[in-house]
Amino acid sequence: MTEKTAKADEQEQVIFHPDFFKIPEDGSKPYLVGLKCRNCGQLWFPKLPICPACWSETLDESPMERVGKLYTYTIMNVPQPGVKAPLAIGYVDFPNGIRVGAQIDVLPDQMKNLRIGMDLQVGAGVIREDKNGKKTISYVFRPLAASKGGK
Amino acid sequence: MTEKTAKADEQEQVIFHPDFFKIPEDGSKPYLVGLKCRNCGQLWFPKLPICPACWSETLDESPMERVGKLYTYTIMNVPQPGVKAPLAIGYVDFPNGIRVGAQIDVLPDQMKNLRIGMDLQVGAGVIREDKNGKKTISYVFRPLAASKGGK
Amino acid sequence: MRDVYVIGVGMTNYYKKSPLSAADLGRQAVFNAVRDAGIGPKQVQSIYVGEMPGLSGSICFGQRVATTMGMGGVPMMNVESACSSGALAVNLAVKDVANGVTDISMAVGVQNISATRASGTAFSPDANDPEGVQGITMPGIYAMRAKRYMEEFGATPEDIALVAVKNRRHAMNNPRSQFHDPITVEQVVNARSISDPLTLLMSCPNTDAGAAVIVATKEKAMQLGSKPVRFLAREVTSGIFSNGFRDMTSMEITVRGAKEAYEIAGVGPEDIDMVECHDAFAINEHLYTEAMGFCGHGEGVEFIRSGGNDYGGKVVFSPRGGLLSCGHPTGCSGAAQIVEATWQLRNEAGAMQVPDCKVAMTHVTGGGIYGLDNAVCTIHILSR
Amino acid sequence: MRDVYVIGVGMTNYYKKSPLSAADLGRQAVFNAVRDAGIGPKQVQSIYVGEMPGLSGSICFGQRVATTMGMGGVPMMNVESACSSGALAVNLAVKDVANGVTDISMAVGVQNISATRASGTAFSPDANDPEGVQGITMPGIYAMRAKRYMEEFGATPEDIALVAVKNRRHAMNNPRSQFHDPITVEQVVNARSISDPLTLLMSCPNTDAGAAVIVATKEKAMQLGSKPVRFLAREVTSGIFSNGFRDMTSMEITVRGAKEAYEIAGVGPEDIDMVECHDAFAINEHLYTEAMGFCGHGEGVEFIRSGGNDYGGKVVFSPRGGLLSCGHPTGCSGAAQIVEATWQLRNEAGAMQVPDCKVAMTHVTGGGIYGLDNAVCTIHILSR
Ligand SMILES: [Zn+2]
Ligand SMILES: [Zn+2]
């Protein structure tokens, strides 16, 4: 686990969402879980009760590769409640054809180094914290060279 | 003013709604303000921007008599937030043909004496209090014989 | 106008606390309805979704439900008028097919009350409603109707309790209802007082559920081999503002709405085999049996004492157990009633089955606004 | 289907903070529209009201507005699909008249954002939306579109600013708009950053307003002597869910919706004199001039640099000042656009008047849901 989630363990926290995102207990790196329709072969993320394409109820978990390319991003300076600004978010295109939107975990002074097309990898991080200090842990994106950075 | 509103003056309070309900500064008794359409003569309560019957924008204030007859009532034991149970509420029919719904300000042990058809008169009272102690003052109904009772 | 048929219906259970999110309640209902219809999801040409965003805080709720089921790209709207929301959705779906706008349309009703901020308290008043600010709640309004009704017509708390007992007895036959244990008049009368004379067991509980109804032309229904269930009337109307001395024992909006619905359908109360009515409180069946013309004004007491509203009587009210024993998932209830009526008209209602059920009426009102009997009333009459 | 005409329109001002409650904003708009139509309020046969109860917490909002104006007793529904809510109300009112359900119907759009709990913060995400929980906001999504658009097509922050400057210049002629002071490209680019590259002056402000539109048959319109403003098309569609590599610079739901609307109307972009578009952010006119076919994909940069979207150009976008300078009262905007387009087609738009305005298009989308371009898109094409 990363530094960030280790610190969060000290307080109440929830994982959003255990079906979407696995943090292996053997210490290997976290990854996203795609769903592959057993009937039509279409891939989906995150988990859905039925395949939107063919309505099959049988979808098999399909672990996704950990690195994708940044399609676009922004630095949000007016965030939702529970989220600190500035906050980098982006859409990452993965090799299996799935695009995922999530926070990009880089320090404010590194945000200027973000580039469309760059490689980002999936990690675990605190994505929001409510007024009572309750943290939500989920997937975040990090540049390959700086995957251990905190915020 | 009644005992109840005098006490409320010590803290922050609002009147709901100064157009609906007058507490004369000369110490005479509070009354409801009906609106009489200058065009079609229809009476309304409380204040509306236009006459629902004829769309005239000219409605004249028409002070209502202070005593009416209880059409129906109930004792609510599961109130809204900001209101204490048990709470008596009722609809009172006034001589000008207008029915008004509001709280009936009687002590819990007097609630059993409420009767459909009885005379009630308009008074001022605290109708709700929010978490910060901010009180809303408005019209309430009281039995004629016990118009000074608090809750 | 074209005739419109029900070709598929779907429901979730009525949950005290749903294990599914609001969107998943909707998805399950839609899934069941599409499968029941035997169509592909992309054959649905317009979608209307009833839910109360004022309770849930939802935005574009219906799109959230339907698009992840591959049903996007069609006209879709969220509709609300309090407890009538789900029935309004059905109204609009039927209207599309009736007017030739679509051949197949879908209505969905959903509410997840237990996940709502407002859960556990009475609905908050609009800050500008002069009665709302006084603390008047929906139970309070119906309690005042009950009080006046008792005064005028000699009804007792035991009379009111009869409705709760009957609807619980019905609910025992409904696998999806929230309660399955019998209750007695004594238990109902002695339950905790909510708003005098209404007790807890005379009041519908908060509930989570989803329901979906798919409607189509006669041609589509025949091609699909659906058991024929046809809409004879769909009525929606709104309250009429008054400051005067309204008779609160005569439910103005339902009297008016039922009269219009009968006229459109070409039937009368004597033709109706069952009614799913807005029995949010047990006094409502007294008020509504009268308002719908099953008996005269003030005659509801005797009508209900003699079982006129039960199996073997003139008309079966709430064979599913009503809001009182299924529970009242507000935005869903209007659609749920039509699902349950469809099962009755198809003779698929199992132990709940109303014998030889030919014509069913569903009725839901909604909205506490000062000066109105109710904000809205929605009625559907269906026939096999 | 029958032709449908606008017979009356009414608006409030666009307020930063309304002195009127939401219901009174609605009442003022309705009052103005009924007076403009020259009808009696009881001639309106069905009423649809767009508002976002998910923001305001409202229940039966429309009934609260209309019944105290003596307009109860008719079919009435509240409709919501985020920013399209007011446009959906118009869609339903027009549909009633087109299909012979009514001869006169009314649509209302209202939002009082400043009175809302959520005011001053970005809209809260649905707890189950995987992107919402990550903190992605509507400005964030449009900022990401802008970023990608700049990368692919060479647009600069100054290009985006051009739209804000133009719409502010238009708003200076609109007595009801929220802003009347001119702004420069430099000011826009250097304003506080909301979500890179979008600055405060590239983003629509929160706003309170009400709008109402009354529609009727040709016969009624002629009897009333209304200046003829006719609906050529009313389009509503929903998003299509995808997890794939969507082109975020091509607005899928608007491309599809505009294509369908043109087809129904029998016109093309070359026939459109003005557009009220969903310019919630300044990048939107680049995206939407392309999506609506006024120029090719990626050609918006040059189209806007050369003034193609301004007076004297190919088509005037947002002559009233758009959401950017009127402000964006979410549930109201879709109806407000149609009010403003009506004034243009009647040649009553004063200093805002688009010369010889024959055909106008109004366009509003709405709803941030993961996997969708937008949850909803609503388009109307009107002609004099
Ligand atoms: Zn599949
Ligand atoms: Zn008048």
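Protein chains in written order, with the numbering used here: chain A, 876 to 1026; chain B, 876 to 1026; chain C, 61 to 444; chain D, 61 to 444. All residues carry an ideal CB built from backbone N, CA and C; glycine is no exception. If you're wondering where the values come from, they're calculated on a predicted model, not measured in any experiment.
How many Å lie between residue i and residue j at the Cα?
i, j, result
"B/Ile1002", "B/Leu945", "19 Å"
"C/Asn303", "B/Phe920", "7 Å"
"D/Tyr202", "C/Cys143", "36 Å"
"D/Val157", "C/Asp156", "13 Å"
"D/Pro389", "D/Gln171", "5 Å"
"B/Lys911", "C/Asn188", "21 Å"
"A/Phe891", "C/Gly270", "25 Å"
"A/Gly972", "C/Gln397", "43 Å"
"C/Gln88", "B/Ser931", "51 Å"
"C/Val289", "C/Val66", "5 Å"
"D/His357", "D/Thr72", "37 Å"
"C/Glu408", "C/Met61", "29 Å"
"C/Cys264", "C/Gln413", "22 Å"
"C/Val361", "D/Gly146", "46 Å"
"D/Gly180", "C/Phe239", "Residue placement at D/Gly180 is flagged as unreliable, the pLDDT there being 41, under the threshold of 50; a coordinate-derived value is accordingly withheld."
"A/Gly902", "A/Arg941", "15 Å"
"C/Phe213", "D/Glu400", "56 Å"
"B/Gly965", "B/Ile898", "21 Å"
"D/Leu384", "D/Gly394", "14 Å"
"C/Ile364", "D/Cys386", "59 Å"
"C/Tyr371", "C/Thr314", "23 Å"
"C/Gly133", "D/His338", "19 Å"
"A/Asp968", "A/Lys922", "17 Å"
"A/Met951", "D/Thr197", "8 Å"
Which residue comes first and which comes last in the alpha helix (DSSP H) that contains residue i?
i, result
"C/Lys287", "From DSSP, C/Lys287 is part of no alpha helix (DSSP H); its letter is neither H nor E."
"C/His346", "344–351"
"D/Asn151", "145–158"
"D/Ser385", "382–386"
"C/Ile398", "390–405"
On the CB-based measure, 16 or more other CB atoms within 10 Å of its CB, does residue i come out buried or exposed?
i, result
"D/Ala182", "At D/Ala182 the pLDDT is 49, less than 50, meaning the model places this residue with poor confidence and gives no usable figure here."
"C/Lys102", "exposed"
"C/Ala149", "buried"
"A/Glu936", "exposed"
"A/Cys915", "exposed"
"D/Glu191", "buried"
"D/Glu246", "exposed"
"C/Thr244", "exposed"
"A/Leu1019", "exposed"
"D/Lys207", "buried"
"D/Ala411", "exposed"
"B/Ser1013", "buried"
"D/Ser106", "buried"
Below 8 Å on the Cβ atoms is my guess for residue i versus residue j; work out the distance and round it to an integer in Å.
i, j, result
"D/Ser443", "D/Leu292", "5 Å"
"A/Lys958", "D/Gly353", "First, the amino acid is wrong: residue 958 of chain A is Val here, not Lys. About 38 Å separates the two Cβ atoms, so there is no contact after all."
"C/Tyr430", "C/His346", "Between C/His346 and C/Tyr430 the Cβ distance is about 23 Å, and since that is not below 8 Å, they are no contact."
"C/Pro199", "C/Ser255", "4 Å"
"D/Val109", "D/Val168", "5 Å"
"C/His423", "C/Tyr348", "7 Å"
"A/Val975", "A/Leu918", "Not quite, the Cβ-Cβ distance comes to about 12 Å (not below 8 Å), so this is no contact."
"D/Pro343", "D/Leu258", "One point to set straight first is that residue 343 of chain D is Ile, not Pro, in the sequence displayed. Their Cβ separation, rounded to whole angstroms, is 7 Å, which keeps D/Ile343 and D/Leu258 in contact under 8 Å."
In terms of residue numbering, what span does the beta strand (DSSP E) encompassing residue i cover?
i, result
"B/Met951", "942–951"
"D/Thr438", "436–443"
"D/Ala254", "Checking the displayed sequence, the identity of residue 254 of chain D turns out to be Ile instead of Ala. Here the beta strand (DSSP E) through D/Ile254 covers 253–255."
Are the region 155–170 of chain D and the region 265–281 of chain D touching by the rule of at least three beta carbon pairs closer than 8 Å?
yes
Cβ contact check for the region 294–301 of chain D and the region 131–149 of chain C: 3 or more pairs under 8 Å
yes
With a threshold of 8 Å, are at least 3 pairs of Cβ atoms found where one atom belongs to the region 1002–1013 of chain A and the other to the region 979–995 of chain B?
no
Give a yes or no on contact between the region 109–129 of chain D and the region 107–118 of chain C, applying the rule of three or more CB pairs nearer than 8 Å.
yes
Interfacial residues, the region 918–935 of chain B to chain G, with Cβ spacing under 8 Å
You won't find chain G in this structure, because its protein chains are A, B, C and D.
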